[in-house]
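As structure tokens, the structure follows; a few thoughts come after it.
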Amino acid sequence: QPVNETWHAPIEDVVYFGMDWLCPGFSAPLHDRLQENWGQLDAEVAIRDVVARTQTGNLHIAVYDLADDSVYVSFAKRSDDEDTTTGKMAYERGYTKLDLASLFSVK
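Start counting the sequence shown at 907; every next residue gets the next number (the working numbering).
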């Protein structure tokens, strides 16, 4: 498995990928947030602490919670939206929770 201790250190039982393999500016902060929250990482923590503080997901974010059978999605604001009361990037905006069991039970 590829390991680079300087900017992509391994974390027990975690696979992570920040933007691109050779992108220390995202991989290192992502590692730090995942390591800090190791063992207590759930959708809420991922949204509030990992994604928001790493500032990754400028266009789209999907946080999957397999234990709850749900996914949380956020999208960037339209480029022509001039409202300054909400964030522009997906990580700055609200999330919509989707119940996967309901979505996939439709026939």
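Ideal placement from N, C-alpha and C gives every residue a C-beta, glycine not left out.
Query	Result
Straight-line gap, His966 to Leu928 (C-alpha atoms, nearest Å)	21 angstroms
Assigned exposure category for Leu936 - 16 Cβ within 10 Å defines buried	buried
Contact set for Met925: own chain, Cβ-Cβ below 7 angstroms, skip 5 residues either direction	Phe932 and Thr962
Terminal residues of the beta strand (DSSP E) in which His937 lies	Unbroken run through His937 is the alpha helix (DSSP H), Pro930 to Glu942; no beta strand (DSSP E).
Phe923 - DSSP class collapsed to helix/strand/coil	coil
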